[in-house]
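Encoded as structure tokens, the structure appears first; notes follow it.
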Amino acid sequence: MTNRLHIGEHQTSIQVDDGPGEPDTVVLPLGALALARRHFHHQPPTATELELAIEAVEDALMPLVPRLRGPGTLLTSDDESIALAAFAGRPTHAAVELDLDTVERQFNRLADVANGRPASSEGLPPRATFAAHLLILRELMHHAARRSLTVVATAPPAAGP
1 MTNRLHIGEH QTSIQVDDGP GEPDTVVLPL GALALARRHF HHQPPTATEL ELAIEAVEDA
61 LMPLVPRLRG PGTLLTSDDE SIALAAFAGR PTHAAVELDL DTVERQFNRL ADVANGRPAS
121 SEGLPPRATF AAHLLILREL MHHAARRSLT VVATAPPAAG P
């Protein structure tokens with residue numbers, strides 16, 4: 001079963017398809033831009049800012065976890081997830097699977113930068129929304145026991161005549 005994930009600017013939605021009937025859409029009232037604006041006042045975010053953002057995501061996520069657990073693959077074509085695949089050294093022109101360990105390693109790279117490692121040494125995308133997106137994804141995968149995410153690059157527009 002495929003569960004579509006969209007981490008938007010102001011909310012995150014997960015379409016949970018766990019069997020017969022219509023899929024259930026679960027909405028986390030927190031998106032990457034909103035999280036970044038509320039918690040990240042430095043670029044890259046500081047360790048304290050990351051910790052406060054983790055708390056905010058966990059507070060919003062935990063009541064929804066029972067509805068999010070289950071079989072199936074998470075699937076997304078969000079731009080920041082495509083950027084995450086590139087950050088992880090994966091190709092971005094085709095579907096790529098990122099397992100929980102890979103997402104965790106990328107988050108640890110972000111945490112290293114937040115703790116003082118130069119961002120340029122990690123190749124960290126210089127956007128607060130990237131950091132917020134990665135944090136939301138990591139917390140979602142961890143707490144909802146989702147083992148992998150399939151990232152599908154959107155097709156480029158057809159070339160004109």
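The numbers in the UniProt record's numbering rise by one with no breaks, and the one at position 95 of the sequence shown is 95.
C-beta atoms are modelled at their ideal positions from N, C-alpha and C, and glycine is treated no differently.
With a cutoff of 9 angstroms on beta-carbon distance, Gly31 and Thr12 are scored as near each other. The C-beta separation of Pro29 from Ala60 comes to about 6 angstroms, placing the pair in contact by the 8 angstroms criterion. Distance from the CA of Thr73 to the CA of Phe130, rounded to the nearest whole angstrom, comes to 22 angstroms.
Membership of Arg67 in the alpha helix (DSSP H) is indicated by the continuous run Val65 to Leu68. Rounded to the nearest angstrom, the Cβ distance from Ile82 to Ala128 is 17 angstroms, too far for a contact under 8 angstroms. Listed as beta-bridge partners of Leu98 by DSSP are Leu149. Secondary structure remark: continuous beta strand (DSSP E) runs of at least 3 residues inside the region 20-90, in chain order: 24-28 and 73-76.
Inter-segment contact for the region 95-106 and the region 15-27 is absent: fewer than three beta-carbon pairs are separated by less than 8 angstroms. DSSP, read as helix, strand or coil, puts Gln106 in helix.
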